[in-house]
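Visitor:
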Amino acid sequence: PPTEVVDGEGHVPAMRKCIDDAEQAAAFAMACSTQTLPPQLPPVSVADLLQTLK
């Protein structure tokens, strides 16, 4: 069913996709995204926290 909700600014929510369309859109977005992971930061110790708070 179409959505009839309109806020004061005139924005209308989008219709919900069916499961198959949503899965296909998610798979396409994942396939088009970068495949490299950002470098992991080193763990933070209590000493690091205390040094930062000083």
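Start counting the sequence shown at 1; every next residue gets the next number (UniProt numbering).
Here a beta-carbon is modelled for each residue, glycine too, at the ideal position from N, C-alpha and C.
Note that the structure is predicted; figures quoted are calculated from it, not measured.
#1: How big is the Cα-Cα spacing for Ser33 and Ser45?
#2: At what residues does the alpha helix (DSSP H) containing Gln51 begin and finish?
#3: Pull up the distance between the alpha-carbon of Pro43 and that of Gln35, whole angstroms please.
#4: Threshold first: 4 residues or longer. Then list the alpha helix (DSSP H) segments lying entirely within the stretch 12-39, N to C.
Guide: This is what the structure gives:
#1: To locate residue 33, count along the sequence shown from 1; it is residue 33. To locate residue 45, count along the sequence shown from 1; it is residue 45. If you draw a straight line from the Cα of Ser33 to the Cα of Ser45, it comes to about 33 angstroms.
#2: For the purposes of this step, residue 51 is taken as residue 51 along the sequence shown, with counting starting at 1. Here the alpha helix (DSSP H) through Gln51 covers Val46 to Leu53.
#3: Counting from 1 along the sequence shown, the entry for residue 43 is found at position 43. Counting from 1 along the sequence shown, the entry for residue 35 is found at position 35. Rounded to the nearest angstrom, the two C-alpha atoms are 24 angstroms apart.
#4: 19-32
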